[in-house]
Structures are given as structure tokens and as C-alpha cells.
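I have placed the structure first, in the form of C-alpha cells, so that the comments after it can refer back to it.
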Amino acid sequence: EEVINRVAAGEILHGPVNAIKEMLENSLDAGSTQINITVTDGGVKMIQIQDNGHGIKKEDLPLVCERFATSKLREFEDLSSMTTFGFRGEALASISHVAHVTITSMTKDRPCAFRCQYASGKMISDPKATAGLVGTTIHIEDLFYNCLSRRKGLGTSSEEFHKISDMVSRYALANPFVSISLKKMGSKTPAVCTSGSGVVSNNIGALFGADISPDLLHVHYEETTLTTSTGTATFEAEMYATNPNYNSKKNIFVLFINERLVSSTTIKKGLLSVYNEYLPRGTHPFLYVKLKVPPQSVDVNINPTKSEVRMLHEQDIIAALRTRLNDNLLSCGT
Ligand code: ADP
Ligand code: MG
């Protein structure tokens, strides 16, 4: 059974970047305003995520690494909204099957924090009182220590760190009121560091290149309901897009749907191609799209690790966004 659990964990976690993404989402779900991530060896040796969110209650600590243990059914109540967040209650459990996990957490109604260790889905030490602040610190060591085939499949430390840094930058962009940092253990200069001041355009400059900011358009597509041949499509969108003065050798496309970082080749191609008429061949824009749609219209459950999503009325929503983007690009030229 242990082998089965380990294999299942390997299916969900392909590398340190997946583990960190799950933990980062948990910290955001816990209402944190400050999240600090530290890694050693591209996340293989050690990952630490410290947040100032609402914490985990002492009585819940024994359960958090059990499969399908989630507190979020209570929090989100509406079951249909759960689907937006993909699979539930599996992240910490999976990590605990392939790494050594220590959790330290404090809630506001307790005078101290509690720390415990986990292995293979189980708490292996009783919660120990310790000094702390309200929030949670998750410490993950030796990822895939018992899963050498997975470990062999990983890139070099710097390749893995690059993936982590890219993913964390994207979350920092989508959460402008949260101060997020990422650094290598022992390094003084963080790879990612945002202030939480809420100014998205500043974050774009800081995270993706200072040369982007002067050429940035902000497009807010207010909540709209379209009547389509397949029913009505409701959506709201926020886009930060470079104007035709900016072009780069490679495109940067960031897509969030309902607060989750996702990929969609269809949406990406559909929107980036608007630039074909404006930019010389072989040059590219920066485009960040934050989309809100009814939770039940997103399908993320093709495979838990697949971030590629499908959306109802995809083509109609893309067409509307294309038109709006094009209008904005056109008005830049005049
Ligand atoms: P899920 O997020 O799908 O509920 P996880 O395995 O990611 O499942 O986490 C399990 C549970 O652990 C969460 O439901 C939550 O109650 C708790 N948890 C994990 N990380 C944190 C955190 N940083 N702050 C507060 N609670 C957390
Ligand atoms: Mg989670």
C-alpha cells in the first residue's frame, strides 16, 4: 500500500515547483498577506514556506497530511466552487509520502505555536509547543528521497529554481496585495520580492522587466454576459498588455482563471495573435490576463497535474477579449 501511495504521489508531484505551487496556494487560501519561500538545491534538499495566514488549529494538525483531509469544504461551502480549485486535500498528503515534512502553525486563539513531523500521510510526532507567530511554516526536506526515478527526472538545481521563480513571480503578479518573496537559502538577494502595495504595473516591472512598464495598457473588461449559440457566457477580465511600442524576442503570457494559474493553448494563441498585425514577425508582447468565470464552467479535472484547462464558451469569450484588446492597441497608434 505504501508503494501505491508513493506512486500516486509521484503522479501528482512532478518536481519541487508543483509542491511549492500547492503550498503557496494553501498560504493564499489561508488569507496570508506575507509569504516567504526559501529553497536549497532547487527545492530538492529543502523547501520552506512561511506565511502569516490564519494557521492550522492544534486539533487539525494530526489530519492535514491524510489523503482527502481538507478544511476547505467548510470554507467554500458551495461544492461547485470546489471544482475550480482542482483536486482537493491531496497536496500535503502526497508531499508527505515522498519527503520529510514538518509543520509549525499557530492560530490567533492560542498563546503558542505547535510543531509536528509527518511521514507517509501520518503525523509521526505529537504536536510540540513552541514559540511562534500566527501563521504556518511548512518545511519540506529531501523531496523524492524514496522515489529515485522521479529525482532522476529533475533538472539541475538552477533549472528547477528557474521554474520555481517563474511560477512564484506569476502568483506574485496575481496577488498584488500580498508580499511574496522567494530566495535561495543563504542568498541575500531574493529572486522574487514584492511589497504587497497593490500596484500591479510596478510588480510587472519588478518581476518581468522594467522596460515593460512604460508600454503597459490596463484593460478592464467589466462583467459581461454574452448570448452565444451554446447558451449564455458570463465573464469578467482584467488584462495588462504591452502596446505595440514594446516588443520582445519571446512572449510572456500569464493566465489566471478564478485565481488559479492555468495554461490554455487555445486562449494563449487566440489572444497573442491579435498582435500579429502590430508587431514585426518574430517579436512578441507581454500579456497578463486574469479571468473570472462561473466556477462550474471551468474544467480542470482532465488530470490533477495538468494545468491545461477547458472552459465553456471558450471561443466566444476569446473573441470578445480579442476585440477589446484590438481596440486598445488601435487607439495607441493614433
Ligand atoms: P487542500 O488545500 O486541497 O484542502 P492540502 O493538502 O493542500 O489540501 O491541505 C490540507 C489542509 O491543510 C488544508 O485544507 C488546510 O486546512 C491545511 N493547510 C495547509 N496549508 C495551510 C496553511 N499554509 N495555512 C493554513 N492551513 C493550511
Ligand atoms: Mg491545497
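Heads up: take any position in the sequence shown, counting from 1, add 15, and you land on full-length UniProt numbering. Ideal Cβ placement from N, Cα and C applies to all residues, glycine included. On a predicted model such as this, the values are computed, not experimentally measured, just so you know.
{"Asked": "Would you say the beta carbon of S158 comes nearer than 8 Å to a heavy atom of ligand 1?", "Found": "Inspection of the sequence shows that residue 158 is occupied by Leu rather than by Ser. Checking the Cβ of L158 against ligand 1 gives no."}
{"Asked": "On the CB-based measure, 16 or more other CB atoms within 10 Å of its CB, does K137 come out buried or exposed?", "Found": "exposed"}
{"Asked": "On the three-state DSSP scale, how would you describe A225?", "Found": "coil"}
{"Asked": "I believe L158 touches P31 by the beta-carbon criterion, under 8 Å. Please report the beta-carbon distance rounded to the nearest angstrom.", "Found": "6 Å"}
{"Asked": "Runs of 4 residues minimum, wholly inside the region 233-294: which ones carry the alpha helix (DSSP H) assignment?", "Found": "280-287"}
{"Asked": "Would you decide whether R165 is buried or exposed? Buried here means 16 or more other CB atoms lie within 10 Å of its CB.", "Found": "buried"}
{"Asked": "How many angstroms separate the CA atom of L231 from the CA atom of H69?", "Found": "35 Å"}
{"Asked": "Could you check which residue in S279, H177, G57 has the C-alpha nearest to that of R325?", "Found": "S279"}
{"Asked": "My output table needs one value for G58: the three-state DSSP class, helix, strand or coil.", "Found": "helix"}
{"Asked": "Mapping DSSP to helix, strand and coil, what is A114?", "Found": "coil"}
{"Asked": "Return the chain-ordered list of same chain residues with a C-beta closer than 6 Å to the C-beta of S172, the five sequence neighbours on each side being excluded.", "Found": "D56, G57"}
{"Asked": "Identify, in the order they occur along the chain, each residue of the same chain with its Cβ nearer than 6 Å to the Cβ of K143, setting aside the five sequence neighbours on each side.", "Found": "R130"}
{"Asked": "Note down, one range per segment and in chain order, each beta strand (DSSP E) of at least 3 residues found wholly within the region 122-186.", "Found": "128-134, 143-145, 150-156"}
{"Asked": "Look up M38 in the DSSP assignment and give the residues it is bridged to.", "Found": "Paired residue(s): none; M38 is not in a bridge."}
{"Asked": "Using three-state DSSP, classify R337 as helix, strand or coil.", "Found": "helix"}
{"Asked": "With I27 as the anchor, note down where its alpha helix (DSSP H) starts and where it stops.", "Found": "17-27"}
{"Asked": "What did DSSP end up calling L188 once you bin it into helix, strand or coil?", "Found": "helix"}
{"Asked": "Nearest to G211 by alpha carbon, out of F271, I272, L43, G246?", "Found": "L43"}
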